[in-house]
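Let me begin by presenting the structure, written as structure tokens, before commenting on it.
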Amino acid sequence: MSSRDLILSRIRAAVAGAPETEIPRAYARGGASGADLADLFAERVRDYRAAVRAVPADGVADAVAAALAARGARRLAVPAGLPEEWLAGTEAERVADEPPLTPAALDGLDGVITGCAVAIAATGTIVLDAGPGQGRRALTLVPDYHLCVVTAGQIVDGVPAALERLDPLAPLTWISGPSATSDIELNRVEGVHGPRTLEVVIAL
Amino acid sequence: MSGGTFLGMPAFPEASAAAVRDSQLRFNLRKATHTIRGKRAAVVGELDDWAELRAAGKAIKDETLRNLDRYLLQLEEAVTRAGGTVHWAADAAEANRIVAGLVKATGETSVVKVKSMATQEIGLNEALAAEGVAAYETDLAELIVQLGDDWPSHILVPAIHRNRAEIREIFLREMPDAPRDLADDPRALAEAARLHLRDRFLSARVAVSGANFMVAETGTLVVLESEGNGRMCLTLPETLISVVGIEKVVPTWRDLEVFLQLLPRSSTGERMNPYTSTWTGVTPGDGPREFHLVLLDNGRTSVLADEVGRQALRCIRCSACLNVCPVYERAGGHAYGSVYPGPIGAILTPQLRGLDSPLDNSLPYASTLCGACYDVCPVAIDIPSVLVDLRAKAVRAGGHRAERAGMRAARWLFSREVRLARAQRLAGRLRRFVPGRLPGPGAAWTDTRDLPPIPEESFRDWWTRTSGGAKP
Chain A
1 MSSRDLILSR IRAAVAGAPE TEIPRAYARG GASGADLADL FAERVRDYRA AVRAVPADGV
61 ADAVAAALAA RGARRLAVPA GLPEEWLAGT EAERVADEPP LTPAALDGLD GVITGCAVAI
121 AATGTIVLDA GPGQGRRALT LVPDYHLCVV TAGQIVDGVP AALERLDPLA PLTWISGPSA
181 TSDIELNRVE GVHGPRTLEV VIAL
Chain B
1 MSGGTFLGMP AFPEASAAAV RDSQLRFNLR KATHTIRGKR AAVVGELDDW AELRAAGKAI
61 KDETLRNLDR YLLQLEEAVT RAGGTVHWAA DAAEANRIVA GLVKATGETS VVKVKSMATQ
121 EIGLNEALAA EGVAAYETDL AELIVQLGDD WPSHILVPAI HRNRAEIREI FLREMPDAPR
181 DLADDPRALA EAARLHLRDR FLSARVAVSG ANFMVAETGT LVVLESEGNG RMCLTLPETL
241 ISVVGIEKVV PTWRDLEVFL QLLPRSSTGE RMNPYTSTWT GVTPGDGPRE FHLVLLDNGR
301 TSVLADEVGR QALRCIRCSA CLNVCPVYER AGGHAYGSVY PGPIGAILTP QLRGLDSPLD
361 NSLPYASTLC GACYDVCPVA IDIPSVLVDL RAKAVRAGGH RAERAGMRAA RWLFSREVRL
421 ARAQRLAGRL RRFVPGRLPG PGAAWTDTRD LPPIPEESFR DWWTRTSGGA KP
């Protein structure tokens with residue numbers, strides 16, 4: 001008997017006669033989205049010690065330019081499909097991921113700028129799905145600085161609403177603040193292997 | 001060190017007695033568990049629907065376990081459709097053999113690892129070492145444990161028993177690239193780990209991970225983490241091998257809306273952990289080109305067969321029960337002699353391994369039955385009830401002979417009214433000869449407890465004599 005058949009037959013024998021269970025879903029599923037949630041989202045992102053700039057929709061280019069200047073970031077990974085107008089105010093060199101950048105090349109950049117697929121207000125989370133303006137996963141992982149632009153329409157209230165908008169077949173990265181560890185005396189320290197600085201621009 | 005098996009460890013009472021005399025260990029544990037308790041309570045208190053989420057989490061897991069065969073087949077089909085390969089491992093040896101074979105097929109001699117309880121449980125690192133493959137742990141706490149040639153003592157923070165000064169010493173001793181003037185503040189230590197692992201991540205060709213959840217309907221695997229070491233391992237290498245217990249499956253994508261709320265808040269006490277990665281098979285041009293899923297039984301199906309004990313398989317490895325347990329806080333994780341310490345370990349380990357060794361036989365007693373673990377469990381595992389049930393099994397397995405003899409005598413006594421009445425009268429007459437402390441092994445019991453005084457006259461005799469208090 002193969003291990004597959006063995007395990008399956010053990011399971012069937014183990015649960016024979018066990019009762020079925022109804023799943024109560026009385027928890028809040030929410031579903032609200034939009035600019036009304038921007039304040040909560042910004043507050044929750046700041047709780048993770050990430051910088052947040054909330055600006056009017058036509059102020060993204062200035063905010064991006066200001067953030068990059070403050071950071072001193074001169075060479076940036078720019079994923080395909082990123083709205084060109086977001087970069088209108090900056091002189092920073094744009095490095096395309098075409099052909100794909102090696103991990104070492106990504107490591108040599110000053111940072112990366114992306115959009116996102118969904119943002120969650122209750123938890124201060126941005127979710128990337130490798131869609132336009134986000135690029136493959138390594139792009140937001142290896143560079144030490146990640147600047148993410150979130151538009152008001154992408155903000156949802158909670159986790160259930162976010163999952164509903166996301167495609168499970170896409171590789172997803174949920175990001176809540178900069179990389180961190182609590183492994184030493186359970187003290188939270190920001191900045192381990194992922195980007196040590198996360199900055200979020202919210203376009204209202 | 002015998003890896004994940006902890007072979008030959010003493011039973012819990014001996015191991016914990018040594019631990020409670022270690023004042024540094026007790027200080028480290030107390031500080032850490034109390035910090036995390038406060039954080040958890042604050043973020044759980046934020047959600048008005050916590051009780052409803054918990055009820056849903058429990059029910060989803062129960063429903064999954066009831067139909068586990070169906071969901072695993074569905075998962076296998078979905079992962080295969082998405083370009084992954086599914087392997088089935090009945091026990092630890094088979095899982096290790098499969099992983100070693102897959103690594104060797106790539107021609108590589110080292111792998112990077114994401115923290116994973118399942119691979120700890122099967123002793124994968126040692127098995128790979130025996131095959132000439134070096135496994136590098138990349139989670140900071142796992143790295144501390146690995147470099148210190150130590151055992152993990154906590155599910156979430158395996159190095160919780162080490163303080164910053166001890167960690168600094170380990171790094172200076174074992175990390176050739178650590179700065180000689182390394183400070184002992186957590187920030188500097190995390191920086192040293194970042195530098196130490198950076199090149200390894202960027203050049204790794206094979207990674208081994210576990211998973212927190214597997215979604216049957218879509219074939220999606222989910223890993224929650226904090227440091228980004230998980231993302232490094234899941235994204236940069238060409239080959240990814242995930243070893244996952246069969247109980248980690250959830251039926252639908254939607255079910256994640258419950259667990260992605262329950263787990264981070266219960267575990268690290270955060271609204272959300274810094275990074276969660278989800279992937280389905282392989283994605284051309286993004287991440288590993290080859291993906292293998294090893295589904296692990298290793299005793300889980302025998303846990304599933306136990307009507308009371310099977311609820312332990314609902315566990316999502318958050319470690320909230322460790323952080324609130326008065327016994328864990330004082331005894332530490334090593335005394336449990338398993339990669340699963342604390343209250344969940346006390347019910348999971350003896351079920352996975354059986355009650356044959358003195359250590360495993362003693363674990364159901366490593367509890368005061370206070371119930372704090374049940375209160376905080378995000379999937380409502382009634383740990384005290386399972387402990388009591390396991391105690392009965394431990395007695396039947398021949399663990400405590402004196403207790404078994406005592407219980408047999410009690411059954412004989414209580415099964416006939418006349419026997420009880422006669423025994424009570426005898427005890428009343430002999431009461432001045434009954435010592436306040438028991439002799440022999442029973443002294444351990446009376447050291448910390450008073451034996452109840454025996455009355456001159458039993459209640460039954462008093463009732464008969466006075467007609468229920470009507471006559472003087």
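So the protein lines, in turn, are chains A and B. Throughout the first sequence, residue numbering follows our numbering, covering 1 to 204 in sequence. Throughout the second sequence, residue numbering follows our numbering, covering 1 to 472 in sequence. We put the beta carbon where it would ideally sit given N, CA and C, even for glycine. Computed from a predicted structure; not experimentally measured.
Per DSSP, B:SER362 is one residue of the alpha helix (DSSP H) stretching across 358–362. Around the beta-carbon of B:LYS471, fewer than 16 other beta-carbon atoms lie within 10 Å, marking it exposed. The beta-carbon distance between B:ARG164 and B:ASP181, rounded to whole angstroms, is 15 Å. This is too long to meet the 8 Å contact definition. Counting only the Cα atoms, B:ALA193 lies some 11 Å from B:GLU227. With a threshold of 16 other beta carbon atoms within 10 Å, B:VAL294 meets it and is buried. Burial is judged here by how many other beta carbons sit within 10 angstroms of a residue's own beta carbon; B:PRO378 has at least 16 and is buried.
The Cβ atoms of A:ASP144 and A:THR197 lie closer than 9 Å to each other. Under the rule that a run must span 3 or more residues, the beta strand (DSSP E) segments found entirely inside the region 39–71 of chain A read 51–55.
The contact set of A:SER176 on chain B, defined by CB atoms closer than 9 Å, consists of PRO264, GLU270, ARG271, MET272, ASN273, PRO274, TYR275 and THR276 in chain order. In this structure, the straight-line span from the alpha carbon of A:ASP36 to that of A:SER176 is close to 20 Å. Look at the beta carbons and you see the region 326–337 of chain B not touching the region 278–290 of chain B: under three pairs across the two are nearer than 8 Å. Judged by DSSP secondary structure, B:GLY245 falls within the beta strand (DSSP E) whose first and last residues are 239–245. An exposed status is given to A:GLU85, since fewer than 16 other beta-carbon atoms sit within 10 Å of its beta-carbon. Non-local C-beta neighbours of A:VAL127 in its own chain, meaning closer than 8 Å and more than five positions away in sequence, comprise CYS116, ALA117, VAL118, ALA119, ILE120, ALA162, LEU166, LEU172, THR173, TRP174 and ILE175, ordered along the chain.
B:THR368 and B:GLY83 have their alpha carbons spaced roughly 49 Å apart.
Between B:LEU128 and B:ALA135, the beta carbon gap of about 5 Å places them in contact (Cβ cut-off 8 Å). The continuous alpha helix (DSSP H) containing B:CYS321 extends over residues 320–324. Considering only beta carbons, the part of the region 9–27 of chain A lying closer than 8 Å to chain B consists of ARG10, ILE11, ARG12, ALA13, ALA14, VAL15, ALA18, PRO19, GLU20, THR21, GLU22, ILE23, PRO24, ARG25, ALA26 and TYR27, in chain order. In the assembly as shown, B:GLY219 is a buried residue. Its beta-carbon has 16 or more other beta-carbons within 10 Å.
Looking at the DSSP output, B:HIS292 sits in a beta bridge with B:THR85 and B:ILE241. Contact between B:ALA366 and B:VAL327 holds: their C-beta atoms lie close to 6 Å from each other, under 8 Å. For B:ALA92, the closest of B:ALA405, B:ARG353, B:LEU451 and B:THR85 by C-alpha to C-alpha distance is B:ARG353. Between the alpha carbons of A:ASP183 and B:VAL86 lies a distance of about 32 Å.
As the crow flies, the alpha-carbon of B:LEU102 is around 12 Å from that of B:GLU238. B:HIS154 and B:SER116 have their alpha carbons spaced roughly 12 Å apart. Contact check for A:GLU185 against B:THR35 passes: the beta carbons are separated by less than 9 Å.
With respect to A:GLY111, A:ARG71 sits close: the two C-beta atoms are nearer than 9 Å. The three-state reading of DSSP puts A:ASP107 in helix, counting H, G and I together.
In the DSSP annotation of this structure, B:LYS471 is not part of any alpha helix (DSSP H), being labelled neither H nor E. Within 10 angstroms of the beta-carbon of B:ASP255 lie 16 or more other beta-carbons, which makes it buried. The region 231–245 of chain B makes contact with the region 194–210 of chain B; the number of CB pairs closer than 8 Å reaches 3 or more. Between B:ARG54 and B:LEU262 a beta carbon distance of about 7 Å is seen, short of the 8 Å cut, so the two are scored as contacting. Inclusion of B:ALA183 and B:VAL111 in the CB contact set at 9 Å is not warranted, their separation being larger than that value. B:HIS154 carries a coil assignment under DSSP once its states are collapsed to helix, strand and coil.
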